[in-house]
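Engineer: Number 33 in our numbering belongs to position 33 of the sequence shown; there are no gaps in the numbering.
Take a look at this one; I'll ask things after.
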Amino acid sequence: MAKPIYILNGPNLNLLGTREPEIYGADTLRDIESACEETASRAGYDIVFKQSNIEGELVDMIQEARESACALIINPAAYTHTSVALHDALKTLDIPSVEIHLSQPAKRESFRRRSYVAEAVTGTISGFGANSYQLGLQAAIKLL
Ligand code: CA2
């Protein structure tokens, strides 16, 4: 049995579907998880889908993925723009890794233009709403 694909979500993404639908869409994180489960299962993979508001917990999840995952997808949310800890953890991975964003940070405030994560992952997908998760998953699966 193949190892699962880890899909990690950073701070405030547990609030998806409740506020700012014009930026982040109307889907809840649970809706996104279900769609990812379906896409992954069609390709023969299981997923482990997690969310945390705590930077250190996300570091622990990435470290767990080193042993337990075949690929990692991450929406680091606001930590994208601040976290050397996530950058360092992601750099230790020997599996495909994809940074994803619902919105297109490059079109937003200037502080969102810097990603500490982009330099540590295989590739980035952003700006497609909830579909960014599907595209990220497909990109990772292609690499497996
Ligand atoms: O577009 C994305 O996916 C982001 O990672 C979302 C982050 C933001 O800091 C990044 O620049 C881009 C914010 C996630 C906050 O999610 C909320 C969801 C509903 C209501 C309020 C916040």
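Don't be surprised by glycine CBs; every beta carbon is placed ideally from N, CA and C.
On the CB-based measure, 16 or more other CB atoms within 10 Å of its CB, does G56 come out buried or exposed?
Structural biologist: On the sequence shown, position 56 is the one that residue 56 refers to. G56 should be labelled exposed.
Engineer: Quick check on the DSSP output: the alpha helix (DSSP H) that includes T39 runs from which residue to which?
Structural biologist: Start at 1 with the first residue of the sequence shown, and residue 39 comes out as number 39. It spans 29–42 - the alpha helix (DSSP H) in which T39 sits, taken as one unbroken run.
Engineer: Count the other C-beta atoms from every protein chain shown that fall within 10 angstroms of the C-beta of I23, then say buried if there are 16 or more, exposed otherwise.
Structural biologist: Taking the first residue of the sequence shown as 1, we reach residue 23 at position 23. Counting Cβ neighbours within 10 Å, I23 comes out exposed, since fewer than 16 surround it.
Engineer: Secondary structure at E20, three-state DSSP: helix, strand or coil?
Structural biologist: The sequence position of residue 20 within the sequence shown is 20, counting from 1. Coil, per DSSP.
Engineer: Please report the residue range of the beta strand (DSSP E) in which H101 lies.
Structural biologist: The residue labelled residue 101 in the question sits at position 101 within the sequence shown. H101 -> beta strand (DSSP E) spans 97–101.
Engineer: Could you check if D27 is buried or exposed, using at least 16 other CB atoms within 10 Å of its CB as the buried criterion?
Structural biologist: As a first step, residue 27 is located in the sequence shown; it is residue number 27 there, counting from the start. Buried is the call here.
Engineer: Can you grab the Cα-Cα spacing for the pair A140 / G129, in whole Å?
Structural biologist: Taking the sequence shown and counting its residues from 1, the one referred to as residue 140 is at position 140. Taking the sequence shown and counting its residues from 1, the one referred to as residue 129 is at position 129. The alpha-carbon atoms of A140 and G129 are separated by roughly 18 Å.
Engineer: Hey, out of Y45, L13, P76, P4, whose CA is closest to S68's CA?
Structural biologist: To locate residue 68, count along the sequence shown from 1; it is residue 68. The candidate whose alpha carbon is nearest that of S68 is P4.
Engineer: What's the C-alpha gap between P11 and A89?
Structural biologist: Residue mapping note: residue 11 aligns to position 11 of the sequence shown, counting from 1. Residue mapping note: residue 89 aligns to position 89 of the sequence shown, counting from 1. Roughly 17 Å separates the two Cα atoms.
Engineer: Could you name the residues that DSSP lists as bridge partners for G150?
Structural biologist: Residue 150 is absent from the model: the chain starts at 1 and stops at 144.
Engineer: Can you give me the Cβ contacts of T124 inside the same chain, cut-off strictly under 6 Å, excluding the 5 residues immediately before and after it?
Structural biologist: Position 124 of the sequence shown holds residue 124. Cβ neighbours of T124 beyond the five flanking positions: E99, A118.
Engineer: With H, G and I counted as helix, E and B as strand and the rest as coil, what does DSSP make of Q104?
Structural biologist: Walking along the sequence shown from the start, residue 104 turns up at place 104. In the structure shown, Q104 sits in coil (DSSP, three-state: anything other than H, G, I, E or B).
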